């Protein structure tokens with residue numbers, strides 16, 4: 002009789018344990034999700050301030066390089082600690098970069114296959130040159146839905162903001178969902 006009682010108690014214990022583990026996992030996931038949302042809500046936009054920057058798996062020179070980015074490449078800084086910043090780019094890649102390699106310079110990256118850079122902020126203005134997907138440009142001015150940009154060679158012109166990613170918080174949606182779509186303006 003004592004053995005039977007022990008088995009019954011063990012079953013109850015296991016059932017109770019499973020419930021607590023499930024509740025604990027669910028609570029932990031909710032807290033992690035809340036932490037990610039809090040991290041994103043305090044995010045700021047920065048750009049690469051050197052010719053080339055390495056973006057790494059972790060906050061250390063010994064961590065593997067995920068990708069490199071050129072001057073003016075914009076990133077959303079999620080948080081900084083110990084001289085390193087955790088960032089997200091227009092493709093939603095999350096990586097770490099040395100904080101000293103970032104600048105407060107406003108910039109954009111082209112999120113469509115190709116974009117027309119125009120002489121004036123208008124779809125009827127003359128096309129000065131074209132820029133390809135992933136190219137980063139310095140922002141020098143904004144007029145409504147248009148930005149005056151400059152590339153690394155010094156060429157200047159106007160781009161419609163819907164062709165870009167990286168502006169905040171002036172009403173520009175910063176998602177990578179439109180990456181790769183055809184150019185319109």
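Residue numbers (this note's numbering): 2 to 186.
Glycine included, C-beta positions come from ideal geometry on N, C-alpha and C.
Here the structure is a predicted model, which means the values were calculated and not measured.
Worksheet item: Per DSSP, residue 130 is paired with what?
Response: 118
How do the region 71-85 and the region 134-146 stand: do at least 3 beta-carbon pairs fall below 8 Å, yes or no?
-> yes
Evaluate contact between the region 144-162 and the region 106-118, counting only Cβ atoms and requiring at least three cross-stretch pairs below 8 Å. yes
Quick one: residues in its chain with C-beta nearer than 7 Å to the C-beta of residue 111, no 5 flanking neighbours on either side, listed in chain order? 132, 133, 134, 135, 136, 164 and 165
Self-check item: Cα-Cα separation, residue 98 to residue 151
Solution: 24 Å
Report task. Could you tell me which residues DSSP puts in a beta bridge with residue 77? Result -> 46 and 89
For residue 46, the nearest candidate out of 143, 101 and 105 (CA to CA)
105
Distance, Cα to Cα, residue 1 vs residue 92? One cannot answer for residue 1 here, as it falls past the ends of the chain, which runs 2 to 186.
ask   = Do residue 67 and residue 80 have their CB atoms nearer than 8 Å?
value = no
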